[in-house]
Amino acid sequence: MKPTRVVEFMEKMEPNSVAVFAGAHEIKRNHDTDFEFRQDTDFYYLTRLNEPDCVAVLAPSHPEHKYVLFVRPRIREEEIWTGTRAGVEGAISQHGADAAYEINKLSDVLPKYLQNVEKLYYRLGNDEHFDQKIIASIKHVREKVRGGVYAPTVIIDPGTLLHEMRLRKSEGDLNSLRRAVAISAEGHIAAMKHCKPGMYEYELEAIIEYVFRRNGATGVGYPSIVGSGFNSTILHYNTNQCQIKDGDLVLIDAGAEYNLFSGDITRAFPANGKFTRAQQAIYEAVLNANKEVIKMVKPGESFMKLHEKAVEVVSEELLRLGLVAGSRAEVVEKESYKKFFMHRTGHWLGMDVHDVGRYKVGDDWRKLEPGMVFTVEPGIYIAEGTEGVPEEYFNIGVRIEDDVLVTETGFEVLTAMTPKEVKDVEATMKESVMIAV
Ligand code: GLY
Ligand code: MN
Ligand code: MN
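Residue numbers 582 to 1018, in this note's numbering, belong to the letters of the sequence shown in order.
Written as structure tokens, this is what we have:
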């Protein structure tokens, strides 16, 4: 049986077209050691084939070979080292291909599937090496023009169809995503319970990622951010090397990956379990923005309006705290809030943490639809020495990030189990435990 998404994609393709998708390769980390393999997301979404060096061809107008896979050959000597492969037979029997070839036959065989086809779906720019193979295949077909064949004249980005599919999560997608999010939440809760001044940021990172793996996640969806004190004000800090001091605020942005779906949660908490007045003031300002934005989520709402709401609330809060001057309209207009809130409020979430899908359709910002999932993550970051800011606010970086599903009637906060109110964060931190190893 062909994978469901392959069938769905083929139904959306233009007449007389072929689509080619390349899987990911092993990538060298250093000397003879590779990074952990991560399949190309589009490729996995369609094929569910989680092996390196594969290519999928979708040719709905081909009389027999509508779904073709190129895969690594089964070589016993190599399988001993790196594990069993599907191979050509498995590509057909386990993965539903109508025909399959060894990947080293690609240059010879691929042009045959591009003959007398007008349109080619292929995403240029993802993999330069593979782009060259596509160009060579097209050229190969063109060179046979005197024999009465023609090559594709139009190249279409398959993202125009596929990323629209990925943007709207199916029940199956949501099952995986909910699991990724639940495991992510467990990791954050464990970090809150274990945090003590004097620990190192990497210790919290280790606890979070231990909890991820312990619960069946394949790992992280992106490098975990564990920043204490000044580091909490660095948006993508992930060296996680510093010692956490008494009085520091700790910001953790971490998400587990499960079945190639990623959670994406940020929480901030006081290292010693009790917010200072200034920490709490900033925290509640961000929390207010987070909650006000989430309340707006429903089908038909504009994605841009959510960011505008966050900007309004953060600006209002910064004014109240005396950190910016003027009227709210001026703070928004002159963008003086950007000194403290310099990123956007959210992004699509799915198999990629910054998931695919357009934010604008034509000239208009996307309207939300049931099944879409995105993050709501306003923040305020105040580094030491920030001009015009009282010292008590120095080194406070707060981002509060939830993952939100658009439902038929409104929203569901998938991350709702992660403590967020000040009292809940402080109460969780009191439940101090040690992970048994
Ligand atoms: N973890 C990256 C982000 O929140 O966008
Ligand atoms: Mn995010
Ligand atoms: Mn995040």
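By construction, the Cβ of each residue, glycine as well, lies at the ideal position given by its N, Cα and C atoms.
- With fewer than three CB-CB distances shorter than 8 Å, the segment 816-823 does not count as touching the segment 742-754.
- With a threshold of 16 other beta carbon atoms within 10 Å, Tyr918 meets it and is buried.
- Between the segment 846-866 and the segment 785-796, the count of C-beta pairs closer than 8 Å stays below three; the two stretches do not touch.
- In the displayed model, Ser598 falls within a strand according to three-state DSSP.
- Cβ neighbours of Val722 within its own chain (closer than 7 Å, five residues either side excluded): Pro692, Leu695, Gln696, Val730, Ala732.
- One alpha carbon belongs to Gly668, the other to Asn685, and they sit about 12 Å apart.
- At least one heavy atom of ligand 3 sits closer than 7 Å to the Cβ of Thr847.
- A heavy atom of ligand 1 is found nearer than 7 Å to the CB of Val934.
- Thr622 sits away from Leu930, with the two beta carbons spaced by 8 Å or more.
- Phe922 carries a coil assignment under DSSP once its states are collapsed to helix, strand and coil.
- Counted as a single uninterrupted DSSP element, the alpha helix (DSSP H) harbouring Asp712 occupies residues 709-723.
- Shown here, Arg858 sits in a helix according to DSSP, grouped into three states.
- When the alpha-carbon of Glu838 is set against those of Phe850, Val831, Ser805, Asn853, the nearest one is in Ser805.
- If the five residues before and after Phe921 are omitted, its C-beta is found closer than 7 Å to the C-beta atoms of Leu899, Leu904, Ile961, Tyr962, Ile963, all from its own chain and listed in chain order.
- Taking a C-beta distance under 8 Å as the contact criterion, Asp834 and Thr847 qualify as a contact pair.
- Just so you know, the alpha carbons of Lys948 and Asp936 end up roughly 16 Å apart.
- Under the DSSP assignment, Ser896 falls in the alpha helix (DSSP H) whose first and last residues are 884-901.
- Shortest Cα-Cα distance from Glu632 to any of Lys1004, Asp613, Phe992, Arg666 involves Arg666.
- In the pairwise beta carbon analysis, the segment 967-982 is classified as not touching the segment 653-663: fewer than three pairs are separated by under 8 Å.
- By the neighbour-count criterion, in which a residue is buried when 16 or more other Cβ atoms sit within 10 angstroms of its Cβ, Gln620 is buried.
- Counting only residues of its own chain and dropping the five nearest sequence neighbours on each side, Phe624 has a CB closer than 8 Å to the CB of Phe602, Ala603, Gly604, Ala605, Leu630, Cys635, Ala637.
- Annotation for Ile846: the continuous beta strand (DSSP E) segment containing it runs 846-851.
- Secondary structure remark: continuous beta strand (DSSP E) runs of at least 3 residues inside the segment 965-997, in chain order: 977-980, 983-987, 992-994.
- Judged by the Cβ position, His928 qualifies as a neighbour of ligand 1 at the 7 Å threshold, a heavy atom of the ligand being closer than this.
- Annotated three-state conformation of Lys876 is helix, per DSSP.
- Relative to ligand 2, the nearest heavy atom lies less than 7 Å away from the CB of Glu958.
- In this structure, the straight-line span from the alpha carbon of Ala849 to that of Val807 is close to 10 Å.
- With the rule of 3 Cβ pairs closer than 8 Å, the segment 874-889 does not count as touching the segment 810-820.
- Among the bridge pairs identified by DSSP, Leu701 is matched with Val599, Ile736.
- Judged by the Cβ position, Asp983 fails to qualify as a neighbour of ligand 3 at the 7 Å threshold, every heavy atom of the ligand being at least this far.
- In the three-state scheme derived from DSSP, where H, G and I count as helix and E and B as strand, Asn756 is classed as helix.
- Going by C-alpha positions, Tyr783 is about 16 Å away from Ile770.
- A check of alpha carbon separations from Leu902 across Val970, Phe711, Ala717 identifies Val970 as the nearest.
- The closest heavy atom of ligand 1 lies less than 7 Å from the beta carbon of Tyr803.
- Gly800 sits exposed, since fewer than 16 C-beta atoms from the chains shown fall within 10 Å of its C-beta.
- A distance below 6 Å between beta-carbons, with the five flanking residues on each side excluded, links Leu986 to the following residues of its chain, in chain order: Val954, Glu993, Leu995.
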